[in-house]
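Notes follow once the structure below has been shown.
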Amino acid sequence: MIKQILGKLPRKPSSKSSHNDTNNSNGVVSTYSSINSSEGPNSIGVGLNNPIGNSAPGKASAASRTKNGVSAPHSASMNKSNQGKKSAPVAPQVAPVLVSNVYEALPSFRDVPSLERQNLFIRKLNICCVVFDFTDPSKNLKEKDIKRQTLLELVDHISSITSKFNEVAMQEITRMVAANLFRTLPSNHENKLLETYDVEEEETMMEPAWPHLQIVYEFLLRFVASSETDAKLAKRYIDHSFVLRLLDLFESEDQREREYLKTILHRIYGKFMVHRPFIRKAINNIFYCFIFETEKHNGIAELLEILGSIINGFALPLKEEHKLFLVRALIPLHKSKSVSMYHQQLSYCITQFVEKDFKLADTVIRGLMKYWPITNSSKEVMFLGELEEVLEVTQAVEFQRCMVPLFRQIGRCLNSSHFQVAERALFMWNNDHIRNLITQNHKVIFPIIFPALERNTRSHWNQAVQSLTLNVRNIFLDDDQELFQECLIRFLEDEAKEREIQEKRESTWKLLEDVVASKAVSNEAMVVSRLFSSLAIATNTNPRATVGIV
């Protein structure tokens, strides 16, 4: 009777089961919850050296996050209840220090029967969901090494798999990848670019957790590229959210990470056709934000490199969507102060568009002139190089549409006091295709740039520029001597008129100074309107055209 009464009373929970996460005397946090006895012997204790022979295939556990931000195992019953449901990637957090006797290495794939390797694969993925703090190199050395070796085993294993990945494996793979890669990147700069900001001189930061991140990136790359990855099934886990978070990582200051991201995103674009429009739109949005808001992004060059391959594969005729992308995103990228960081990739993308559709040449050239630099000589040299690449694939009809404003700009470059700008403009005549276009339209082009050539031969301070200018001048002379003489006569006439205007202006000022000086001696007040009238009569101009001030 007494036993029956005592049996109905609530029992006090034991100290071992009352808390899943407890601190030991050294400040170490234990991260694994106890396994519910109701789950039976088939449940998997992640990271523990328990036997795996009783684990049934397909019931492997999945890592979850505890309230302290570290990985804890899902039971097989949880996987069963969630089967067929799409799970969101786990938000990554840095794990506290782990108890060394809990985080232990699992057996090698070679040491278990082939039937149990699937379960072991899942268990290894689960223990790799624990993220360590690399800001202190002295912490968790043993656990970090165990995780690194486990990641290397996973990379080798995923490369040798000969059967299709099932849904459970894909879910755990994306969970592990998300836990390690998707994180908040450190921000050590202002979002808005300062006037004195120099991107090239900024010291880049290296990712301290790269020993683990590199292997995770390699694992993800091999998973995406694997022929055993079914795109129709994998798109449930490598979805729009997953792609967006990958794109966010392009802000990383570590170039090694951006290189991996570039390769992986390109593989995803190639394998998952359903994601292609979304990826292009997402990259578009990154460019818009960079151009019109932040003016700072570390991954523009890598994104443009991906787009270069994408543009190369565009079907003809080009869709209106792609043309709008050129006009609204690619061309405005030229106005950034940090364009030198990605100009090579941008120039390649622009040239690809013109090669795909020659009618876009006029749009591109006018877009370049719209954002042409005025005070930045090094940027101007880059623009001239890109302009040459575009002109090299431009056809005669499109060239004729823009040649007048184009060679007015080139004429200004020829007279630049910066010798590299003038040289780069003169080097265009070394390109056979551009030279042929100029020769075909020399009657229009030569009168535009003749004054610039003549001024260079007379007064440019750099000897190399003078020599190159004489070569170009002789080319025009050989092509059309009659036109050359006409342009020379017109130039001399304009020069004489300009000299006459300058002399009149100087004489007017001298007369004004003399009149004012004579009145100042006698202390006589002077009406300004009468002064201007007398000056106008003295210089044979219309008095009514002068401005009278009383």
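21 is the number of the first residue of the sequence shown in the numbering used here; add one for each residue after it.
Cβ coordinates follow ideal geometry from the N, Cα and C atoms, glycine included.
Here Q522 is exposed. Its C-beta has fewer than 16 other C-beta atoms within 10 Å. Counting along the chain, the unbroken alpha helix (DSSP H) around F470 starts and ends at H462 to S479. Rounded to the nearest angstrom, the Cβ distance from I306 to I258 is 19 angstroms, too far for a contact under 8 angstroms.
By the 16-neighbour rule on beta-carbons within 10 angstroms, A335 is exposed. Proximity to F129 across C149, H363 and L171 peaks at L171, based on C-alpha coordinates.
DSSP places E340 in the helix class (H, G or I) of the three-state scheme. Remark: C-beta atoms of V384 and I370 approach each other more closely than 7 angstroms.
A residue is called buried when at least 16 other Cβ atoms come within 10 angstroms of its Cβ; S398 does not meet this threshold and is exposed. In the DSSP annotation of this structure, the continuous segment of the alpha helix (DSSP H) that includes M402 starts and ends at S397 to E412. Runs of the alpha helix (DSSP H) spanning 4 or more residues and lying entirely within the region 129-154 occur at 137-147, in chain order. As the crow flies, the alpha-carbon of F185 is around 32 angstroms from that of P228. Ranked by how close their Cα comes to the Cα of N482, the residues N461, P157, K517 and N435 have N435 in first place. Here DSSP, grouped into helix, strand and coil, assigns K524 to helix.
Of the candidates S356, K376 and V347, V347 places its Cα closest to the Cα of R386. Look at N435 here: in three-state DSSP terms it is coil, with no helix or strand label.
Rounded to whole angstroms, the gap between the alpha carbons of N304 and G328 is 14 angstroms. Around the C-beta of R296, fewer than 16 other C-beta atoms lie within 10 Å, and the residue is accordingly described as exposed. Going by beta carbons, A445 and I430 fall inside the 7 angstroms limit. Going by DSSP, D268 is part of the alpha helix (DSSP H) stretching over H260 to D268.
Residue state for A125 is assigned as coil, using DSSP reduced to three classes. Taking a 10 Å sphere around the C-beta of M293, we find fewer than 16 other C-beta atoms and assign the residue as exposed.
A Cβ-Cβ contact shorter than 7 angstroms links V236 with N200. In terms of Cα proximity to H232, the closest of Y368, F154, K539 and L135 is F154. DSSP, reduced to helix, strand and coil, places W392 outside both helices and strands of the structure shown, so it counts as coil. Boundaries of the alpha helix (DSSP H) around A321: I320 to N332.
Looking from the CA of F466, the closest CA among D500, V485, A321 and R478 belongs to D500. Between the alpha carbons of K291 and A251 lies a distance of about 7 angstroms. DSSP, reduced to helix, strand and coil, places A445 within a helical segment of the structure shown. In this structure, K376 is the residue among K376, E315, E273 and M389 with its C-alpha nearest to the C-alpha of N332. The continuous stretches of alpha helix (DSSP H) do not include V347, and DSSP gives it neither H nor E. The continuous alpha helix (DSSP H) containing I370 extends over residues H363 to K376. Distance check between E271 and each of E187, S134 and M226 places M226 closest, using alpha-carbon atoms only. Residue state for A229 is assigned as coil, using DSSP reduced to three classes. C-alpha of Y362 to C-alpha of L241: approximately 24 angstroms in a straight line. Distances from the alpha-carbon of E412 to those of L135, D452, T249 and R510 put D452 closest. Your pair A198 and Q169 does not check out as a contact, with CB atoms roughly 22 angstroms apart and the cut at 8 angstroms.
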